[in-house]
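The structure appears right after this line, and notes come after that.
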DNA sequence: TATTGTTATACTCTATAACTATA
DNA sequence: TATAGTTATAGAGTATAACAATA
C-alpha cells in the first residue's frame, strides 16, 4: 500500500487531534465498529457451516430465552416491524426450526417456540461461538471478557430515552 | 400486557436454564443487543435533528480520523463494498459535507476529506453524543463507561480470523 | 376502539458483474 | 496483469398502509 498525499484545495478542513480523540468516547461508534468484527467472527465460526445469519441466530436466541413471547414482543425486542418479523419467522418455520402456536388465552396472539431441531441448532451454534470467540478475542483476558459482556448487557437494557 | 400460556404440542423444546445462561456469554449477541440501544440513542440525540444516519456519522467520523484514506480503505474500514461506499460518498458530497480529491501520487485513487461544513457537523454531533450518552447510559458509572469503550476498541481491532 | 398478525407494495440497502482509467 | 473507482442491475432487507380476526 503506497502512501499518498492529497492535493489540498483550500476548502478542506484542517487537522485537530483533540477532535479525533473525542470520537473514541462515543459508545455507539465503538459498538458499531465492534459489531463489524463480531459479525465477521460469527460468519467465520458458524454462519457458513450452519447457514445461519446473525439476525437469525439472534431471533432463535431470543425465542430460546423467552419461549412464551408473542410475535409482537419479539419484534419489539429486535427493534423491527411486525411485517418484518413475520417474514423472518416464516423462513425459520419453513426450515422447521421454530413453530407458531396459538395462545390459549388470547386467540389473536401467536407464541413462538423452538422445535427440537431449532434448539439443537442454537445449542450447537452457541457452543461454537463461546469457544470460538475466546480464541478470536484472545487479546482480551477472561476477566475483561466477562466485564465487557456485563457492561454491554447494561447498555442493551436501555431502550427508551426521554 | 396479559400473561399467556401456550398450547404445548409435544414437538416443542423443553426448557433448560443452563442453555439460557450460555447465550449471555456470547459477545456478538450482546453487541447486537447493545447496538439496538445505541442506534436508538443516536437517532434520539442527533439523527432526526441533523438528518444524519448512524452509518453516515460513522463514515464522517472515519474520514475525520483518517483524512488521507482512499475510498478503498474507507470501504474496508466499514466492511462494505466499493459500489456501496461510492453511493454513500455521493450523497455526502451532494450535501457538501465531504469532498473527493485526486491523489497526487496515484492518479487512480481518490482521497476523501471533510469540508468545513462536514467538520462542523461531525463536531456538533460528537458533542451531542458525548453529553447525551452519559445521560442515556447513566446506569453506568464513569469508570464503567471508559472501561466499556476501551474493551469495545479491543474487539473492534480484530478483523481477521484464521 | 385498540391490538395481533398477515398481505401487498414500495423504498432503501447491499452485492455482483462489467467497465474505465491507471499502475 | 492487478488495482481504484464508477455504473448498471438484481436481490435482500425494511417500512408503511390496508386488512381480518379478536380483545
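Chains as they are written, first to last, in the numbering used here: chain U, -16 to 145; chain F, -16 to 145.
Beta carbons are placed, not taken as given, at the ideal position from N, Cα and C, and that holds for glycine.
DSSP-derived helix/strand/coil call for residue i
i: residue 139 (chain F); result: helix
i: residue 86 (chain F); result: strand
i: residue 35 (chain U); result: coil
i: residue 93 (chain U); result: strand
i: residue 81 (chain F); result: strand
i: residue 64 (chain U); result: coil
Chain U residues whose Cβ lies nearer than 7 Å to that of residue i
i: residue 13 (chain F); result: 132, 135, 136, 139
i: residue 17 (chain F); result: 14, 135, 138, 139
Residue i classed as buried or exposed, judged by whether at least 16 other C-beta atoms fall within 10 angstroms
i: residue 66 (chain U); result: exposed
i: residue 140 (chain U); result: exposed
i: residue 4 (chain F); result: exposed
i: residue 17 (chain U); result: buried
i: residue 99 (chain U); result: exposed
i: residue 34 (chain U); result: exposed
i: residue 90 (chain F); result: exposed
i: residue 133 (chain U); result: exposed
i: residue 82 (chain F); result: buried
i: residue -7 (chain F); result: With a pLDDT of 40 at residue -7 (chain F), under the threshold of 50, the predicted position of this residue should be treated as unreliable, and no value is reported.
i: residue 41 (chain U); result: buried
i: residue 135 (chain U); result: buried
i: residue 88 (chain F); result: exposed
i: residue 114 (chain F); result: exposed
i: residue 70 (chain U); result: exposed
i: residue 38 (chain U); result: exposed
Where residue i meets chain U, residues with beta-carbon distance less than 8 Å
i: residue 64 (chain F); result: Within 8 Å Cβ-Cβ: nothing; residue 64 (chain F) doesn't reach chain U, min ~14 Å.
i: residue 109 (chain F); result: 2, 5, 6, 9
Under 7 Å from the C-beta of residue i: neighbouring residues of chain F
i: residue 20 (chain U); result: 138, 139, 141, 142
i: residue 127 (chain U); result: 134
Neighbour list for residue i in chain F, Cβ cutoff strictly below 8 Å
i: residue 58 (chain U); result: Residues of chain F passing the Cβ test: none, with the nearest at roughly 12 Å.
**OP:** Using a Cβ-Cβ cut-off of less than 8 Å, give me the residues of the stretch 74 to 94 of chain U that come near chain F, in sequence order.
**Re:** Listed by position, the residues of the stretch 74 to 94 of chain U near chain F (Cβ gap below 8 Å) are 82, 84, 85, 86, 87, 88, 89, 92, 94.
**OP:** Compile a chain-ordered list of the residues in the stretch 34 to 45 of chain F whose CB is closer than 7 Å to at least one CB of chain U.
**Re:** Sequence-ordered contacts of the stretch 34 to 45 of chain F with chain U read 37, 41, 44 [C-beta pairs closer than 7 Å].
Subject >> Residue ranges of each alpha helix (DSSP H) within the stretch 96 to 124 of chain F, 4 or longer >> reply: 99 to 119
Subject >> Contact set between the stretch 113 to 124 of chain F and chain U, restricted to residues whose Cβ is under 7 Å from the partner >> reply: 113, 116, 119, 120, 122, 123
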